[in-house]
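Visitor: Letter 385 of the sequence shown, counting from 1, is numbered 385 in this note's numbering, and no numbers are missing. Note that the Cβ used here is the ideal one computed from N, Cα and C, for glycine as well.
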Amino acid sequence: MQHVSYEILLLLSIGVFGGMLGGILFQRLRIPQVIGYIAVGLLLGQTGIGYISHQAISSLQLFNFFALGVIGFLVGGELKLSTFRRYARSYTLILLGEGGLAFIFVGIGSFVILHFVLHNMQLAMAGALVLGAIASATDPASTIDVLWEYRARGVLTTSIIAIVALDDALAMTLYAMGTAGAQLLAGGDVAVVEILRHLAVELGGALILGAAGALLLAGLLKLMQTAEKGVAMALAFIMLIIAAAIAFEMDVILGAMMLGFTLTNVAPRRSHRVFELLRNFSIPIYVMFFVLVGARIRLQALPAWVWLTVAVYVVGRTAGKMLGAWWGGKLSKADDVVCKYLGLGLFAQGGVAIGLSILATQSLNKVMLSGELSLGSAIIGVVTTTTLIVQILGPPAVKLAIKLSNEIGKDRKPEDILRECPLSQVMDKEPVILSYDLPVAEALRKIQQKPQGLFPVVDKEGKLLSVFTMNDLREILTEPEEWQWLLLADVITGEKRFLPNRINALEAQRELQATGLEAMPVCDEAGKVTGLVSLAQLRAYLQQSAFFKKEEETNDQSESPETSEEDDLAQVET
């Protein structure tokens with residue numbers, strides 16, 4: 001057999017397995033599971049036992065891009081155009097407030113420390129500009145993961161998703177201006193026009209690429225017969241967007257976000273199930289991505305002034321995010337929960353910030369600060385260390401925000417409602433039941449009592465033998481002269497299929513869909529018929545539930561009408 005390297009597969013296996021265990025452990029401790037993933041990465045990485053080497057992380061760079069693409073696509077799918085139209089002014093002011101103040105606070109604090117240590121205003125300003133720009137970034141992956149884990153829904157949740165999605169573009173813009181200023185102050189040659197051109201391609205190109213891909217994908221989804229095939233097509237387009245973004249030096253996350261955002265607004269009903277299935281499929285991708293985030297963080301020996309910069313960075317960034325979100329919310333007259341708690345949802349810092357710090361080394365590594373420490377290395381040291389700190393503080397802060405705003409558990413899907421519903425609560429407990437020895441004439445009189453479409457046929461002990469269906473009825477309608485002497489047992493052809501009464505409504509729905517039947521008898525452990533359940537009853541239960549009543553009350557506040565009740569009911573019918 002040809003020799004095949006197994007190390008990467010083994011690493012992925014250990015990473016996902018360990019990450020899942022870490023997530024479960026931290027979840028048991030009532031801590032967001034994303035911290036468990038990162039903790040396992042720290043343990044396996046250079047900070048811990050060193051199993052995941054720097055070389056291994058580099059070899060998995062394409063996986064990281066793929067994970068960021070999937071994350072960006074799903075984040076974009078959470079954003080509704082109607083929401084942006086309604087809250088455009090609010091989101092703009094909040095974005096500028098939290099990103100701008102984080103930039104200013106971290107920039108000023110870093111400048112003071114760097115100037116005190118280096119006694120060089122130009123170098124201090126250069127480092128401060130870059131660190132301030134990076135501080136404006138928010139990690140969408142870990143933030144969204146917490147919102148999904150706790151099934152949050154409401155005006156605060158919607159605002160958090162929108163701001164972390166837009167933060168990427170703001171951070172890239174501030175970073176481009178910050179690094180340009182840093183190079184000028186450090187004595188380098190900078191072409192302003194070239195920087196603006198590159199920024200336009202990186203951001204504008206990503207938006208155009210994602211939107212164009214979504215329009216094509218929306219058309220192709222019409223040809224997909226099942227949602228599963230739609231997921232395969234969506235993954236193909238995500239990888240296409242990632243490849244094109246890398247090739248033309250565009251922003252990968254922004255392109256993928258635009259793909260998801262455009263798709264969910266252009267084809268909300270066709271794409272709804274695709275997003276649901278892809279979110280479930282992406283769990284191991286999320287786990288491994290955050291394990292690699294933890295493994296990438298390397299706590300190294302740094303000068304005392306760098307650690308002081310770390311402290312100032314964390315405090316300044318936190319204060320900037322909190323105060324800026326509050327200030328922007330007040331100016332735009334946003335809801336009180338947004339003004340009070342949005343800042344808590346913007347703590348997380350991850351892949352975007354680390355990626356920007358790595359980019360900074362390419363242009364600032366030649367700027368030496370002291371000894372063998374370059375400005376680029378100092379920036380990486382500060383950003384990786386602060387990333388560890390805020391990734392530990394960020395997810396619990398997001399959880400606290402949605403808890404204080406009472407939005408935990410509000411994102412209940414139809415499957416959640418059915419899963420919590422015992423079958424006995426939704427089934428017809430008094431269906432028309434036919435005895436196998438009934439004459440056909442009498443059976444026909446009984447089935448007129450209730451329009452069931454399917455009638456259980458039982459023996460003398462009440463145990464299910466078969467079912468009498470509309471097909472059986474059509475067979476005997478042509479021979480009415482035989483109805484008086486023909487018994488029901490002579491004409492039934494239906495199979496003996498039933499649902500055990502111990503299962504929940506969701507399991508019943510899935511069994512009905514798998515068999516292609518509209519209804520089934522429900523039996524106890526002895527095989528006796530205790531009821532009848534149909535897909536129509538499940539749909540009626542969902543319509544009458546408090547979930548949909550609440551949806552109708554809040555529909556105008558948080559979601560587009562075309563993606564609320566009708567889409568959720570469509571999942572039951574699919």
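1. To which residues of the same chain is K549 closer than 6 Å at the C-beta, ignoring the five residues directly before and after it?
2. Between the alpha carbons of V522 and L277, how many angstroms are there, rounded?
3. DSSP has M20 in a bridge; who is on the other side?
4. Taking the alpha carbon of T173 as the point to measure from, which residue in M250, I144 and I113 has its own alpha carbon closest?
5. Relative to the C-alpha of M288, which candidate in L538, A165 and A67 has its C-alpha closest?
6. In whole angstroms, give me the CA-to-CA distance for E420 and S282.
7. On the CB-based measure, 16 or more other CB atoms within 10 Å of its CB, does F248 come out buried or exposed?
8. Quick one: using the 10 Å Cβ neighbour count with 16 as the cut-off for buried, is M121 buried or exposed?
9. Only counting the same chain, and skipping five residues up and downstream in sequence, which positions put a Cβ closer than 6 Å to that of A443?
10. To the nearest angstrom, how far is it from the Cα of P395 to the Cα of I38?
11. Between the Cα of V75 and the Cα atoms of T530, I160, V382 and F26, which residue gives the shortest distance?
12. Which value, in whole angstroms, describes the spacing of the CA atoms of E415 and S13?
13. Classify P268 as helix, strand or coil using the three-state DSSP reduction.
14. Does DSSP put V432 in a helix, in a strand, or in coil?
15. In or out: Y575 buried (at least 16 other Cβ within 10 Å) or exposed?
16. For A56, which residues in the same chain have their Cβ closer than 7 Å to its Cβ, ignoring the five residues on either side in sequence?
17. Is it true that the stretch 148-155 meets the stretch 393-412, where meeting means three or more beta-carbon pairs spaced less than 8 Å apart?
18. Pull up the DSSP beta-bridge partners for M257, would you.
19. Residues in its own chain within less than 7 Å of E553 by CB, not counting five upstream and five downstream?
20. Check each candidate in P303, T143 and V426 and name the one with the smallest Cα separation from L506.
21. Identify whether T47 lies in helix, strand or coil by the three-state DSSP scheme.
22. Which of helix, strand or coil does DSSP assign to N504?
23. Could you give the C-beta distance for V529 and P456, rounded to a whole number, given that I count them as a contact under 8 Å?
24. Rank L42, Y51 and M258 by C-alpha distance to the C-alpha of F73 and give the top, closest one.
25. Could you tell me if E7 is buried or exposed, where buried requires 16 or more neighbouring beta carbons within 10 angstroms of its beta carbon?
26. Tell me L170's beta-bridge partners as DSSP assigns them.
27. Following the continuous alpha helix (DSSP H) through A519, name the residue where it begins and the one where it ends.
28. Can you say whether V440 is buried or exposed, counting buried as having 16 or more other CB atoms within 10 angstroms of its CB?
29. On a CA-only basis, which of N406, E149 and V337 is nearest R30? Give me that one, please.
30. Rounding to the nearest angstrom, what Cα-Cα distance links P303 and A378 in this structure?
31. May I have the straight-line CA-CA distance separating T576 from L217, to the nearest angstrom?
32. From this set, D336, L388 and E430, which residue's C-alpha is nearest S575's C-alpha?
33. May I ask you to verify whether the stretch 337-350 touches the stretch 124-142, counting CB pairs closer than 8 Å and requiring at least 3?
34. With G45 and G294 assumed to form a contact (beta carbons below 8 Å), what rounded beta-carbon distance in angstroms separates them?
35. Measure the Cβ-Cβ separation of G132 and I104 and say whether it is below 8 Å.
36. Taking only three categories from DSSP, how would you classify P395?
Guide: The short version:
1. Unreliable placement is indicated for K549, whose pLDDT of 47 sits below 50; the coordinate value is still reported in the next sentence. Excluding residues within five positions, none has a Cβ falling inside 6 Å.
2. 29 Å
3. Paired residue(s): none; M20 is not in a bridge.
4. M250
5. A67
6. Rounded to the nearest angstrom, the two C-alpha atoms are 24 Å apart.
7. exposed
8. exposed
9. L434 and L488
10. Whole-angstrom Cα-Cα distance: 11 Å.
11. It is I160 whose Cα lies nearest to the Cα of V75.
12. 30 Å
13. Residue state, collapsed to three classes: helix.
14. coil
15. For residue 575 there is no data in the structure shown, the boundaries of the chain being 1 and 574.
16. L11
17. Using a C-beta cut-off of 8 Å, the stretch 148-155 makes contact with the stretch 393-412, since at least three inter-stretch Cβ pairs fall below that distance.
18. Note: M257 sits in no beta bridge, so no partner.
19. Low confidence applies to E553: its pLDDT is 43, below 50, so where it sits in the model is not reliable enough to give any reading.
20. V426
21. coil
22. strand
23. 5 Å
24. M258
25. E7 is exposed by the Cβ-count criterion.
26. For L170, DSSP records no beta bridge to any residue.
27. Segment A519 to C523 is the beta strand (DSSP E) holding A519; no alpha helix (DSSP H) there.
28. buried
29. E149
30. 9 Å
31. Because residue 576 is not part of the residues shown, which for the chain are 1 to 574, the question remains open.
32. With the chain covering 1 to 574 only, the question about residue 575 has no answer from this structure.
33. yes
34. The pair is a contact, with the Cβ atoms about 6 Å apart (cut-off 8 Å).
35. yes
36. helix
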